[in-house]
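Numbering (our numbering), first residue to last: 12 to 439.
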Ligand code: ATP
Ligand code: MG
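See the structure below:
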């Protein structure tokens with residue numbers, strides 16, 4: 012026997028026992044997004060590396076060490092090789108696509124997406140190398156009403172999923188000018204305590220000092236706690252914007268905590284940033300994160316276009332939903348068709364097709380592969396179906412079918428085939 016091949020580390024199979032949960036969560040969120048008029052966009056999984064280094068930022072965890080990057084072979088007659096990367100997130104791709112297809116000019120598109128993202132991280136619970144994000148992005152609107160809409164929409168998603176123990180953390184990063192003045196303040200502060208900085212933070216001190224605030228190193232937390240706060244040094248317009256957002260969230264009865272340490276791990280954010288967090292998943296507690304990125308479209312080569320978006324981590328959401336005891340309703344077939352005898356096996360497929368014509372919603376699993384009564388019933392039971400339909404040669408001759416209830420104490424009954432659809436409709 013040859014050696015079996017395993018999946019790539021940190022990349023998971025989602026098995027048939029799991030997919031009903033995924034489908035239910037995806038459907039719920041998609042319906043919420045659509046109820047706000049957001050439209051789906053699908054972009055490629057592979058992009059030019061430069062798209063991510065230019066948008067997310069050179070001095071970020073993602074670009075420094077988390078991307079799956081490779082050099083593509085040169086095309087014939089083309090001497091340039093090209094660096095490509097699996098997307099680590101989808102905002103940059105949405106911006107790239109929007110510019111490329113002129114979605115932003117004279118329009119204010121509101122988009123959503125669902126897809127696999129890739130980051131070369133240390134795999135652990137809630138952290139994988141291939142994971143999935145459902146996200147939304149809104150373009151061309153600078154005012155705080157759209158910030159409020161997106162946050163309220165995310166809250167509605169969690170409510171629809173039955174998740175009630177999530178906390179909304181909110182901060183404002185202000186304007187680029189306010190941030191650069193604050194940057195100097197931070198460098199001064201951390202320089203005065205250089206000995207307490209870990210290696211990553213030493214390195215970031217002059218390249219990206221805001222990211223030090225995002226450090227997960229517990230030993231550095233007291234130093235970070237006492238650092239000057241950006242929210243105390245915002246520009247006037249950003250302060251007004253933030254006040255307007257908070258007012259709208261208050262009116263919508265959305266609770267939030269102001270977290271002055273919330274800076275987000277990507278460079279492109281300004282003004283509003285937010286995260287939905289839970290204490291139920293250990294240190295992988297952020298299930299949704301987002302913010303405003305008003306300069307990104309221009310930075311990627313488009314016309315200046317304000318923008319804001321968020322992304323939810325599906326794996327983390329699913330862990331919460333399952334923890335809550337959620338049971339998806341589409342996990343098992345409704346009925347299993349058992350066929351005994353030559354005539355039944357010949358007519359079974361036609362019979363199943365007729366039923367599917369009448370009941371398109373019905374999940375009907377038809378037995379294949381023959382076998383005796385016992386074997387077919389074992390399969391029926393294992394399938395999780397609520398009902399077995401039995402087609403024997405007698406039934407075929409009399410155009411009938413016998414219904415056996417697999418999960419209820421209830422006597423079996425025989426129906427005319429023509430009446431079965433109506434009967435099943437009342438049962439399912
Ligand atoms: P973290 O601080 O947990 O590393 P992040 O700031 O890198 O998160 P974002 O880039 O903002 O995360 O992505 C948004 C969401 O995507 C996260 O809140 C999380 O739910 C999910 N996510 C990010 N990275 C992973 C991963 N490697 N595996 C699973 N989910 C992830
Ligand atoms: Mg991360």
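Glycine included, each C-beta is placed from N, C-alpha and C at the ideal position.
- Residue range 141-150 is occupied by the beta strand (DSSP E) that includes residue 144.
- In the displayed model, residue 427 falls within a strand according to three-state DSSP.
- In the structure shown, the three-state DSSP call for residue 303 is strand.
- Within the model, the alpha-carbon separation for residue 134 versus residue 428 is close to 54 Å.
- Within the stretch 24-110, the complete beta strand (DSSP E) segments of 3 residues or longer fall at 57-59, 80-83, 93-97, listed in chain order.
- For residue 348, the beta-bridge partners assigned by DSSP are 377, 400.
- Around the beta carbon of residue 83, fewer than 16 other beta carbons lie within 10 angstroms, which makes this residue exposed.
- Beta-bridge analysis with DSSP links residue 269 to 181.
- By the Cβ-count criterion, residue 237 is exposed, with fewer than 16 other Cβ atoms from all chains shown falling within 10 Å of its own Cβ.
- In this structure, DSSP gives residue 286 an extended state, which the three-state scheme calls strand.
- Per DSSP, reduced to three states, the secondary structure at residue 135 is strand.
- When secondary structure is reduced to three states using DSSP, residue 411 falls in the strand class.
- The residues 67, 99, in chain order, have a CB closer than 6 Å to that of residue 73 in the same chain once the five nearest residues on each side in sequence are set aside.
- In this structure, the beta-carbon distance from residue 207 to residue 181 does not fall below 8 Å.
- The distance from the Cβ of residue 241 to that of residue 185 is about 6 Å, consistent with a contact at the 8 Å cut-off.
- Residue ranges of uninterrupted alpha helix (DSSP H) with 4 or more members, entirely inside the stretch 150-227 and ordered along the chain, are 155-171, 187-202, 210-215.
- Distances between the C-beta of residue 139 and the heavy atoms of ligand 1 include at least one below 7 Å.
- When DSSP reads this structure, residue 319 sits in a beta bridge with 149, 303.
- Collapsing the DSSP output to three states places residue 298 in a strand.
- Distance from the C-beta of residue 72 to the nearest heavy atom of ligand 2 is below 7 Å.
- Distances from the CA of residue 312 to each of 27, 54, 86, 111 were compared; the closest alpha carbon is that of 111.
- For residue 300, the CB falls within less than 7 Å of some heavy atom of ligand 1.
- Contact annotation, residue 143 with residue 326: C-beta distance approximately 7 Å; criterion of less than 8 Å satisfied.
- Cβ-Cβ separation between residue 189 and residue 245: approximately 5 Å, consistent with a contact (criterion under 8 Å).
- Close CB contacts of residue 120 within its chain, under the 6 Å cut and outside five residues either way in sequence, are with 114, 150 (chain order).
- Apart from the 5 residues on each side of it in sequence, residue 417 sits with its Cβ closer than 7 Å to the Cβ of 391, 392, 396, 397, 398, 399 in its chain, given in chain order.
- From the listed residues 292, 379, 366, the smallest Cα separation to residue 356 is found for 379.
- Taking the Cβ atoms as the reference, residue 221 lies roughly 33 Å from residue 332, outside the contact range of under 8 Å.
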